[in-house]
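Asker:
Numbering (our numbering), first residue to last: 377 to 476.
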């Protein structure tokens, strides 16, 4: 089994924390993706409601636009634990972007 099982849409990634494994998994799915990138797609509530291959990046954009975990849970039905972990990635990205 390889790290990317594209025929069935699966990935396997190992990290010390969820955030690390999630970033690795996203990079395995598409070699042009650098991770949980909020600049790939625009925020769109309709796209958040539909589970598609691009929803992850709409979710990143929504977190960057300060959508609440509660609102995202209502739109996506994704467990708040996962949404909080994804928010951590975006918060760290914002910190890194603000550095000189």
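A virtual CB, placed ideally from N, CA and C, is assigned to each residue, including glycine.
Do residue 413 and residue 434 have their beta-carbon atoms positioned less than 8 Å apart in this structure?
Answerer: Within the chain shown, numbered from 1, the residue matching residue 434 stands at position 58. Within the chain shown, numbered from 1, the residue matching residue 413 stands at position 37. For residue 434 and residue 413, no; Cβs fall outside 8 Å.
Asker: Using a Cβ-Cβ cut-off of 7 Å (strictly less than) and excluding sequence neighbours within five positions of residue 397, which residues of its own chain qualify?
Answerer: By one-based count along the chain shown, residue 397 stands at place 21. For residue 397, where only same-chain residues beyond five positions count, the Cβ hits under 7 Å are 389, 390 and 391.
Asker: Should residue 470 go down as buried or exposed, given a rule of 16 or more other Cβ atoms within 10 Å for buried?
Answerer: Here residue 470 refers to the residue found at position 94 of the chain shown. So residue 470 counts as exposed.
Asker: Quick one: Cα of residue 463 to Cα of residue 476, how far?
Answerer: As a first step, residue 463 is located in the chain shown; it is residue number 87 there, counting from the start. As a first step, residue 476 is located in the chain shown; it is residue number 100 there, counting from the start. Looking at the two C-alpha atoms, the distance is approximately 22 Å.
Asker: What do you get for residue 386, buried or exposed, if any count of 16 or more other CB atoms within 10 angstroms of its CB means buried?
Answerer: Here residue 386 is taken as the residue at index 10 of the chain shown, counted from 1. By the 10 Å Cβ count, residue 386 comes out exposed.
Asker: What is the DSSP secondary structure of residue 467, counted as helix, strand or coil?
Answerer: Counting from one through the chain shown, the residue named residue 467 turns up at place 91. Of the three classes helix, strand and coil, the one that applies to residue 467 here is helix, per DSSP.
Asker: If we ignore side chains and look at the alpha-carbon of each, how far apart do residue 377 and residue 393 end up?
Answerer: As a working note, residue 377 is residue 1 in the chain shown. As a working note, residue 393 is residue 17 in the chain shown. Any reading at residue 377 needs caution, since the residue's pLDDT is 44, under 50, leaving its predicted position unreliable; the model's value is listed next. If you take the alpha carbons of residue 377 and residue 393, they lie about 22 Å apart.
Asker: Does DSSP put residue 419 in a helix, in a strand, or in coil?
Answerer: Your numbering for residue 419 matches position 43 in the chain shown. The answer is coil: DSSP assigns residue 419 none of H, G, I, E or B.
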